[in-house]
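Here is the structure we will look at, set down as structure tokens.
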Amino acid sequence: MPINHIVMQVLAGVVFHFIGGFASGSFYVPYKKVKGWAWESFWIVGGVFSWLIVPPLAAYLTIPGFAAIIRQADSDTIGYSYLFGLLWGIGGLTYGFGVRYLGVSLGSSIILGLTMVFGSLVPSIFYYFNGTEGKETIDLFFSTAPGRTILLGLAICVLGIYLCGRAGVLKEKELTGAIADASGNKDYQFGLGLMVAIVSGILSACFNFGLEAGKPMAHVASDLWKSGHPGQGEFLFQNNVTYVVVLWGGLTTNFLWCMFLNTKNKTFGDYVNPRVPIARNIFFCALAGTTWYLQFFFYGMGESRLGNGASSWILHMAFIILIANAWGVILKEWKGVSKKTYATIIGGIAVITLSILLVGFARTLEP
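Take the position in the sequence shown, starting the count at 1, then add 148; the result is the number in the working numbering.
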């Protein structure tokens, strides 16, 4: 394949992942416009759009006959895709507990770092011991130039996450004047928080495991598209059929939790409360939920261009972390901190940016 074509493929993949990361880093903004609803109420309404309405709509618009592909998939493909979606949903819910016990910066950094590492490497370890045709195995990360470059990019990204987390801890200490612990959080419990963060990080990586489990459905969608578009490369939207099943699992977990909170907090009345702007709330929840889904819509497009699950997952997570921290700087959330703390967050952003460039460059090294 000509080097110019490879470079264009890589650039397209990186751009798609950037758009997906931007959507992930921005989806919560519309929720701030919701008035008079408890968290569990607006979260599940937005989630219905994220996990139930928009995924099949996107699949319908991009993959003719997507429902037939799901119906004809074997039980293992459907079952494991759903199971990993379920576990991913639990990881997302425990994220809040990790942040509670460790603080936002430290908790987020540990969880996102573990999610990135496990999500990118565990599938390749599984395929090494359970040989699957067409799948990259962990040994390739040590025996090939592209693989070693990806691992280097992963390690550098972890360093960048550490620097961002360190900057957050310093910021919270400086701005809150906390003495008892670095996070300034009364609920701070490092041991318990670390355990919860590890569980959350591992389970959050299950989304990528779900995509791998659902690859047979994506391959069917891709083959059908290729039969009508010969010589036009990989199908951009092949993962859209897999998302439908994986996100059923995420919906199940979040629906049960939000219904529990509605019951516990007696907030079922939120949905019909005439004193709040219900139509407006539903609109902003729908906007937030749709924006959330777009992160994976563009993730699938990026993966189709990069052709490597590990590279795509690393770039996806790196862009989410990069954009979230960049928004913090742009919105002056770091105003008033010391020069050392500000330099640390800027350094973290710069290091993560370097890791993105390395992982993207690794794809151009393939023969």
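Glycine included, each C-beta is placed from N, C-alpha and C at the ideal position.
In this text the structure is predicted, and so the values were computed from the model without any measurement.
If you draw a straight line from the C-alpha of residue i to the C-alpha of residue j, how long is it?
i	j	result
G508	S459	8 angstroms
I192	P178	14 angstroms
A436	F444	14 angstroms
R314	I500	14 angstroms
Y419	K412	16 angstroms
I478	I471	10 angstroms
W396	L159	32 angstroms
L209	Y490	45 angstroms
L200	S291	42 angstroms
V163	F175	18 angstroms
C433	I238	21 angstroms
Y441	R296	32 angstroms
L235	L351	6 angstroms
L299	F289	7 angstroms
S370	E382	7 angstroms
R453	A206	19 angstroms
S348	N402	14 angstroms
A361	T225	6 angstroms
L342	P212	45 angstroms
L372	V155	27 angstroms
V389	A427	30 angstroms
W405	G398	11 angstroms
R423	I430	14 angstroms
W485	T492	According to the sequence provided, residue 485 is Val. The question's Trp does not apply to it. Each residue's Cα considered, the two are about 11 angstroms apart.
H377	T400	37 angstroms
I286	G448	22 angstroms
F385	A221	18 angstroms
N387	E322	45 angstroms
G169	G476	15 angstroms
K480	L269	35 angstroms
A216	K180	38 angstroms
K374	M264	31 angstroms
I218	W482	47 angstroms
Hey, quick one: how far does the alpha helix (DSSP H) through residue i stretch, first residue to last?
i	result
F357	354 to 361
R423	Here R423 belongs to no alpha helix (DSSP H), and DSSP marks it neither H nor E.
Y391	388 to 413
S189	187 to 195
G291	According to the sequence provided, residue 291 is Ser. The question's Gly does not apply to it. 288 to 291 is the span of the alpha helix (DSSP H), which, as asked, contains S291.
For residue i, collect the residues of the same chain with a Cβ closer than 7 angstroms to its Cβ; drop the 5 residues on either side in sequence, then sort them by chain order.
i	result
T438	F197, V202
I304	V499, L502, S503, L506
P425	K183
N301	Note that residue 301 is Gly in the sequence shown, not Asn. Excluding residues within five positions, the ones whose Cβ falls inside 7 angstroms are I462, S503, L506, V507, A510.
I167	F446
L340	Y249
W185	D418, V424, N429
F245	V344
N421	G184
G240	S352
If I measure Cβ to Cβ from residue i and keep anything under 6 angstroms in the same chain, skipping five residues before and after, which residues do I get?
i	result
H165	G450, L463, H464, F467
P204	V392
N473	C312, I497
G358	S229, F232, G233, V394
G267	A353, N356, W461
K488	none
S172	Q443, I468
T415	A186, S189
G194	C433, A436, G437
G161	G450, R453, L454
Of all the CB atoms in chain C, is at least one closer than 7 angstroms to the CB of residue i?
i	result
T285	The question asks about chain C, but that chain is absent: this structure has only one protein chain.
Report all residues from its chain with a CB closer than 8 angstroms to the CB of residue i; omit the five preceding and five following residues, and keep chain order.
i	result
T242	V344, V347, S348, L351
- Query: Quick one: complete alpha helix (DSSP H) runs, 4+ long, within the region 428 to 510?
  - Reply: 457 to 478
- With contact counted as at least three CB pairs below 8 angstroms, one residue from each stretch, are the region 301 to 315 and the region 487 to 505 in contact? yes
- Three-pair Cβ contact test at 8 angstroms for the region 258 to 273 versus the region 221 to 233: Counting C-beta pairs closer than 8 angstroms gives fewer than three between the region 258 to 273 and the region 221 to 233, which falls short of the contact rule.
- Secondary structure, alpha helix (DSSP H): runs of 4+ residues fully inside the region 200 to 236: 202 to 210, 214 to 220
- Give a yes or no on contact between the region 179 to 189 and the region 400 to 411, applying the rule of three or more CB pairs nearer than 8 angstroms. yes
- Say whether the region 269 to 277 touches the region 363 to 377, bearing in mind that this needs 3 or more beta-carbon pairs closer than 8 angstroms, one atom from each stretch. no
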